[in-house]
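Quick mapping for you: the protein sequence lines, in order, are chains A and B. Take any residue in the first sequence, note its place counting from 1, add 187, and you have its number in my numbering. Take any residue in the second sequence, note its place counting from 1, add 187, and you have its number in my numbering. Report on one structure; see the data block that follows.
2 protein chains.
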Amino acid sequence: MSREIKSQNITYTEGAVKHEHRAEQNGHGAAILWFTGLSGAGKSTLAQAVEQKLFLMGCHTYILDGDNIRFGLNRDLGFSPEDRTENIRRIGEVAKLMMDAGTICLTAFISPYIADRQAAREITPEGKFIEVYTKCSLEECERRDPKGLYKKARAGEIPQFTGISAPYEAPENPELVVETDKHSIGECVDQVVAYLRERGVLPNGD
Amino acid sequence: MSREIKSQNITYTEGAVKHEHRAEQNGHGAAILWFTGLSGAGKSTLAQAVEQKLFLMGCHTYILDGDNIRFGLNRDLGFSPEDRTENIRRIGEVAKLMMDAGTICLTAFISPYIADRQAAREITPEGKFIEVYTKCSLEECERRDPKGLYKKARAGEIPQFTGISAPYEAPENPELVVETDKHSIGECVDQVVAYLRERGVLPNGD
C-alpha cells in the first residue's frame with residue numbers, strides 16, 4: 188500500500204476549533220492507547236476495563252476494536268498480510284482523528300507487525316502514541332481460547348492465525364508492558380492509569 | 188465496492204461504556220451533520236462556523252473535511268466514481284464511530300452521489316444522520332472559486348470535476364437546506380443550531 192497521496196488539487200485547512208481548545212474543555216489530554224498482543228492476551232478486556240475507569244473519571248474515551256471495526260470501515264479487508272497492513276493503517280488514521288478530537292482512543296488489535304504499528308506511531312503527533320504490549324504466553328492464550336479460535340487454527344480451519352501459522356512481532360520499545368498472565372486485570376488497569384498520570388494525559392492527583 | 192463482510196471468525200462485542208452514558212456525560216446528543224453541495228458552496232466554511240458555535244456551547248464536536256481526510260485515511264483514493272464511492276463509504280463509517288463516541292460529527296464533502304449518501308445514512312442509527320444540503324447556484328460557486336478549481340476545470344486541467352464534467356445529484360429529502368447564496372453564514376449557522384434544538388440533539392433553551 189503506497190503512502191503517497193493520490194489526490195491532486197487539495198489543500199490542508201485547519202478548523203477554527205484547535206486541538207488544545209478541546210483538551211482545555213475536557214480537562215484531560217488526548218492520546219492513543221494502542222494495545223497489541225496475541226489473540227486471547229486480554230487486549231479487549233483490558234481496553235474495556237481501562238475505558239470504564241477513565242469514563243468514570245469523566246474522560247472522553249472510545250475503543251476501536253478489531254472485531255468491531257471489521258463490520259464497518261474494514262469490512263472489505265481479510266487477513267492476508269496486505270489486508271492486515273491496510274487494516275492497521277486505516278485504524279491508525281481513525282485513532283489519530285479520534286485523538287485529534289480530544290479523545291483518549293483505545294485500540295485493541297493483534298496488530299502483529301512492527302512496521303504497521305510503527306507506521307501508526309509515525310502519523311501521530313510526538314508523544315501521543317502509547318503502545319501497550321499486552322503480554323501473555325502463547326500457552327496461556329491457547330488455554331484461555333475465549334473464542335475457540337486456537338482450536339480451529341490448530342485444526343487448520345483458520346489460515347494465517349497469529350501465533351500458530353502467522354508471526355507475532357513483539358514490540359521492542361513499547362511505552363508499557365502489561366503481563367496479563369502474571370497480574371490481574373485490575374492491576375493492569377492501575378498500571379495504565381498511573382502511566383497516563385505520569386505522562387500528563389490525566390491530571391495528577393484527585 | 189461490495190458491502191459484504193469479508194472477515195470470518197469475528198464476533199460483535201459491545202463496550203461496557205454505552206452510547207447513552209456518553210450523551211449523559213456530555214449533556215447533549217450525538218449526531219452526524221452531513222454537509223453536501225458543490226465545491227465553493229460553503230460546506231467547510233459553514234461546518235467550521237457551526238462547530239465553533241457548538242464548541243462554545245460546550246459541545247463535543249469534530250469536523251471530517253474532504254481536503255483533510257485525503258491526506259490520511261483516504262490518501263490511497265483518487266476521484267474516479269469508484270474511488271469517490273469508497274471515499275464516502277469510509278467517511279460514513281468514521282462519522283458513525285465519532286457519533287457513537289458521543290460527538291456531533293460534521294462532515295464537509297461534496298459527496299455528489301445520492302446512493303453514497305444514502306449508504307452513509309443507512310449504516311447510521313435512525314435519526315442520527317442529518318443531511319444538510321448546502322445549496323448554492325453553480326454560477327455563484329464558480330464566481331467565488333475560492334481554490335481556483337473551477338477555472339482549472341473549465342480549462343480541462345481537472346477531469347471529472349463536479350458540476351462541470353461530473354454530476355452533482357442534489358438531495359431529494361434532506362433534513363435541512365441552507366442557501367448560502369441567499370443567506371449569510373451567520374444566518375445559516377442559526378438555522379442549523381435551531382434544527383439541532385428542535386431535534387433534541389441540543390438541550391432546549393440556555
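A virtual CB, placed ideally from N, CA and C, is assigned to each residue, including glycine. Since we're looking at a predicted model, the values are computed, not measured.
Inter-residue CB distance, residue i and residue j (contact presumed, cutoff 8 Å)
i             : j             : result
residue 224/B : residue 323/B : 6 Å
residue 259/A : residue 315/B : Their Cβ separation, rounded to whole angstroms, is 15 Å, which puts residue 259/A and residue 315/B out of contact at 8 Å.
residue 317/A : residue 220/A : 5 Å
residue 236/B : residue 291/B : Residue 236/B to residue 291/B, Cβ: 14 Å. No contact.
residue 246/A : residue 215/A : 5 Å
residue 347/A : residue 266/A : 5 Å
Below-8 Å beta-carbon distance, residue i vs any chain A residue
i             : result
residue 285/B : yes
residue 249/B : yes
residue 239/B : yes
residue 306/B : no
residue 310/B : yes
residue 280/B : yes
residue 383/B : no
Chain-order list of residues whose beta-carbon lies under 7 Å from that of residue i (same chain, five-residue window excluded)
i             : result
residue 339/A : 345
residue 238/B : 248, 250 and 293
residue 279/B : 306, 307 and 310
residue 368/A : 323, 324 and 327
residue 387/A : 216
Same chain only: Cβ atoms within 6 Å of residue i, ignoring 5 sequence neighbours per side
i             : result
residue 222/A : 230, 234, 295, 319 and 321
residue 363/B : 319 and 382
residue 366/A : 322
residue 209/B : 289
residue 337/A : 329
residue 197/B : In this prediction, residue 197/B has a pLDDT of 45, which is less than 50 and means its spatial position is unreliable; nothing more can be read from the coordinates.
residue 385/B : none
Straight-line gap, residue i to residue j (C-alpha atoms, nearest Å)
i             : j             : result
residue 358/A : residue 374/A : 21 Å
residue 281/A : residue 281/B : 7 Å
residue 275/B : residue 303/B : 6 Å
residue 353/B : residue 299/B : 9 Å
residue 327/A : residue 228/A : 8 Å
residue 256/A : residue 334/A : 17 Å
residue 379/B : residue 361/A : 45 Å
residue 330/B : residue 261/B : 29 Å
residue 370/A : residue 325/A : 16 Å
residue 286/A : residue 372/B : 29 Å
residue 342/A : residue 264/A : 24 Å
residue 157/B : residue 301/B : This structure does not reach residue 157/B, given that chain B is present from 188 up to 393, and the question cannot be answered.
residue 310/A : residue 277/A : 11 Å
residue 270/A : residue 269/B : 19 Å
residue 351/B : residue 391/B : 42 Å
residue 272/B : residue 312/A : 30 Å
residue 204/B : residue 232/B : 34 Å
residue 244/B : residue 244/A : 22 Å
residue 332/B : residue 332/A : 58 Å
Nonlocal neighbours in the same chain, by C-beta distance under 8 Å from residue i, ignoring five residues either side
i             : result
residue 297/A : 223, 224, 225, 226, 230, 253, 349 and 355
residue 242/A : 248
residue 240/A : 376 and 380
residue 188/B : Low per-residue confidence applies at residue 188/B: pLDDT is 31, beneath 50, and the placement is therefore not dependable, though the value from the model is reported in the following sentence. Around residue 188/B: 269, 272, 273 and 276.
Short CB-CB distance (under 8 Å) between residue i and chain B
i             : result
residue 316/A : no
residue 390/A : no
residue 313/A : no
Neighbour flag for residue i against chain D, beta carbons, 8 Å
i             : result
residue 235/B : The structure shown has no chain D; the protein chains it does contain are A and B.
Near the ligand ADP: residue i beta-carbon under 7 Å from a heavy atom
i             : result
residue 361/A : The ligand ADP is not among the ligands present in this structure, which contains no ligands whatsoever.
Could you list the residues in the region 221-232 of chain A with a C-beta less than 9 Å from some C-beta on chain B, going in chain order? 231
Near-chain A residues of the region 286-300 of chain B (beta-carbon distance less than 8 Å), N- to C-terminal order: Residues 287, 288, 289 and 290.
Please list the residues of the region 254-276 of chain B that have a C-beta atom closer than 9 Å to any C-beta atom in chain A, keeping them in chain order. Within the region 254-276 of chain B, the qualifying residues are 254, 255, 256, 257, 258, 259, 260, 261, 262, 263, 264, 265, 266, 270, 273 and 276.
Counting only Cβ-Cβ distances shorter than 7 Å, please list the residues of the region 361-378 of chain B near chain A, keeping chain order. none
Anything in the region 204-222 of chain B with a Cβ closer than 9 Å to a Cβ of chain A? List those residues in chain order, please. 204, 208, 209, 212 and 213
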